[in-house]
């Protein structure tokens with residue numbers, strides 16, 4: 001969740017043994033009870049999805065029979081009929097050619113994801129639980145209640161022992177400063193970009209569009225200007241710096257790059273996503289502001305997009321849809337993730353107790369828009385039928401939750417916190433493997449804000465699970481309050497790029513995360 005997800009405390013459950021008595025019976029089984037509803041639904045999905053094809057088959061068969069019975073006289077009569085209507089044929093052909101030309105000239109250009117990279121911090125920046133808590137105690141800024149609260153959050157957060165915090169936070173006392181924040185930003189941005197340019201063999205001079213997003217650190221000159229200066233990008237580059245947009249800003253940045261690529265032909269766009277921790281660590285005792293300290297960690301990504309047709313052959317993915325939802329008109333949603341000062345004048349990001357409910361409402365709005373774009377017609381009919389029955393007959397019918405597993409092969413849910421992943425797994429009726437990438441990213445890298453969805457995609461690639469034409473759903477939440485989705489389609493069987501974030505540890509995962 002933007003600026004940290006809310007961690008939950010789950011109680012254990014007891015278990016017992018159940019004795020099963022087996023009796024032989026010569027009667028046929030009750031098929032209404034024994035047939036798994038899942039397979040009936042799957043058969044219905046296949047039937048409805050292929051309904052058009054099934055309707056065309058008899059028509060094609062009848063046409064084939066009719067053509068096979070035609071003789072030379074029939075063909076001659078057909079030719080004479082066409083000659084008498086030559087003017088009509090020419091007019092219809094001209095209209096058809098004109099329409100095709102207009103369509104080709106005005107249709108949206110396909111946007112290709114050539115490659116992307118995720119920053120892997122050096123090992124000396126790792127922050128195991130013990131070191132994190134000891135450093136927090138030694139700062140002298142936190143009372144015993146706050147230290148105990150942070151310990152409980154860490155234990156139940158889903159984070160592992162190998163996440164990273166910036167260099168300034170390893171000092172005792174911490175040394176947050178503008179210079180240290182710039183150093184963190186440069187290491188993350190330039191580290192991801194160096195890997196991206198090396199893997200794609202694209203010269204920085206060929207980049208026509210640059211979109212940079214970082215929510216809480218916006219110096220002057222901007223972070224995008226720092227990138228232009230470092231790589232000596234060309235003078236007419238279209239550069240943008242997005243700030244204050246939270247953990248969903250990565251999808252927003254992709255959407256902006258997509259729109260720019262529709263206007264500017266034959267060029268590349270680079271999207272850089274990160275969050276800066278150095279100057280945004282909270283040194284107070286307000287519990288709602290301490291959660292981001294426990295969840296946010298160092299990370300960043302760089303994505304190379306292209307509208308060049310010849311890049312399709314080497315690109316990994318094609319962008320299919322971007323759907324954005326903004327709930328900022330509602331005061332509760334607007335303030336549920338809010339940067340402010342506490343009573344002692346210390347700045348931090350507070351998280352409202354209503355955060356999960358607001359996130360659920362934003363998700364509902366987002367998938368209501370996304371559903372008709374991606375769901376098969378069978379799911380849309382079931383949803384519409386349930387809605388009509390409920391409205392017309394005021395029946396106590398539960399709203400039908402569409403099966404997004406029929407639309408997507410892989411899910412990249414923003415690793416904002418354990419509670420976020422748990423809720424989406426439950427509400428979207430996903431399987432453990434669908435949220436594995438999100439859980440393992442949270443465990444290995446923590447909440448890296450807007451870049452987390454790229455670490456998750458890198459995990460799925462490293463596991464060798466992405467096949468040609470697979471669909472991937474990236475979904476992220478951010479302050480404001482926003483819920484944004486991006487849908488990609490694989491253009492081939494995708495292999496992980498070199499120097500990936502999971503390169504030396506993918507065989508260790510998945511790991512079991514304690515409750």
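Residue numbers (the UniProt record's numbering): 1 to 515.
Where is the CB? At the ideal position from N, CA and C, for every residue including glycine.
In the DSSP annotation of this structure, residue 115 is not part of any alpha helix (DSSP H); the continuous beta strand (DSSP E) holding it starts and ends at 112 to 118.
In the pairwise beta carbon analysis, the stretch 304 to 313 is classified as touching the stretch 259 to 278: at least three pairs are separated by under 8 Å.
Straight-line spacing of the CA atoms in residue 255 and residue 414 works out to 17 Å.
With respect to the 8 Å criterion, residue 278 and residue 340 are not classified as neighbours on the basis of their beta carbons.
The Cβ atoms of residue 227 and residue 242 lie no closer than 8 Å to each other. Separation of the CB atoms of residue 161 and residue 129 is rounded to 6 Å, and the pair is thereby assigned contact status at 8 Å.
Here the alpha carbon of residue 55 sits roughly 19 Å from the alpha carbon of residue 67.
Residue pairing by DSSP places residue 339 opposite 349 in a beta bridge. Counting only runs of at least 3 residues, the stretch 170 to 228 fully encloses the following beta strand (DSSP E) elements, listed from N- to C-terminal order: 207 to 213.
According to the DSSP assignment, residue 438 belongs to the alpha helix (DSSP H) that extends over 436 to 445.
Exposed is the label assigned to residue 511, since fewer than 16 other Cβ atoms lie within 10 Å of its Cβ. Residue 277 sits in coil when the DSSP states are folded into three classes, being neither helix nor strand. Residue 429 counts as exposed, since fewer than 16 other beta carbons sit within 10 angstroms of its beta carbon.
Residue pairing of residue 300 in beta bridges, as defined by DSSP: 274. For residue 293, the uninterrupted alpha helix (DSSP H) segment begins and ends at 287 to 295.
Put simply, the stretch 320 to 331 does not touch the stretch 221 to 238. Fewer than three CB pairs are less than 8 Å apart. The shortest CA-to-CA distance from residue 118 to any of 193, 392, 169, 147 is the one to 193. For residue 469, no beta strand (DSSP E) run applies, since DSSP gives it neither H nor E. Bridge partners of residue 482 according to DSSP: 326, 478. Leaving aside the five residues that flank residue 257 on each side, the residues in its chain whose CB is nearer than 7 Å to its CB run, in chain order, 209, 211, 269, 271, 305.
In the DSSP assignment, residue 487 is bridged to 321, 473.
When the alpha-carbon of residue 418 is set against those of 135, 176, 58, 294, the nearest one is in 294. Per the Cβ contact rule, the stretch 169 to 176 is not in contact with the stretch 200 to 207 (fewer than 3 Cβ pairs under 8 Å). In this structure, residue 325 lies near residue 482, with their beta-carbon atoms less than 8 Å apart. Apart from sequence neighbours up to five positions away, the residues of its chain that approach residue 173 with a beta-carbon distance below 6 Å are 139, ordered along the chain. Distances from the alpha-carbon of residue 359 to those of 369, 336, 350 put 336 closest. Listed in chain order, the alpha helix (DSSP H) runs fully inside the stretch 368 to 415 are 377 to 393, counting runs of at least 4 residues.
Excluding its 5 nearest sequence neighbours in each direction, residue 148 has no C-beta neighbour in its own chain below 8 Å. Excluding five sequence positions before and after residue 64, none of the CB atoms of its chain fall closer than 7 Å to its own CB. Of 107, 373, 492, 144, the smallest CA-CA separation from residue 286 is found for 144.
The beta-bridge partner set that DSSP reports for residue 126 consists of 164. Residue 158 has its alpha-carbon roughly 18 Å from the corresponding atom of residue 450. Restricting attention to 369, 292, 470, 320, the CA atom closest to the CA of residue 338 is found in 292.
With fewer than 16 other beta carbons inside 10 angstroms of its own, residue 59 counts as exposed.
Taking a C-beta distance under 8 Å as the contact criterion, residue 288 and residue 351 qualify as a contact pair. When the Cα atoms are used, residue 334 and residue 490 turn out to be separated by approximately 35 Å.
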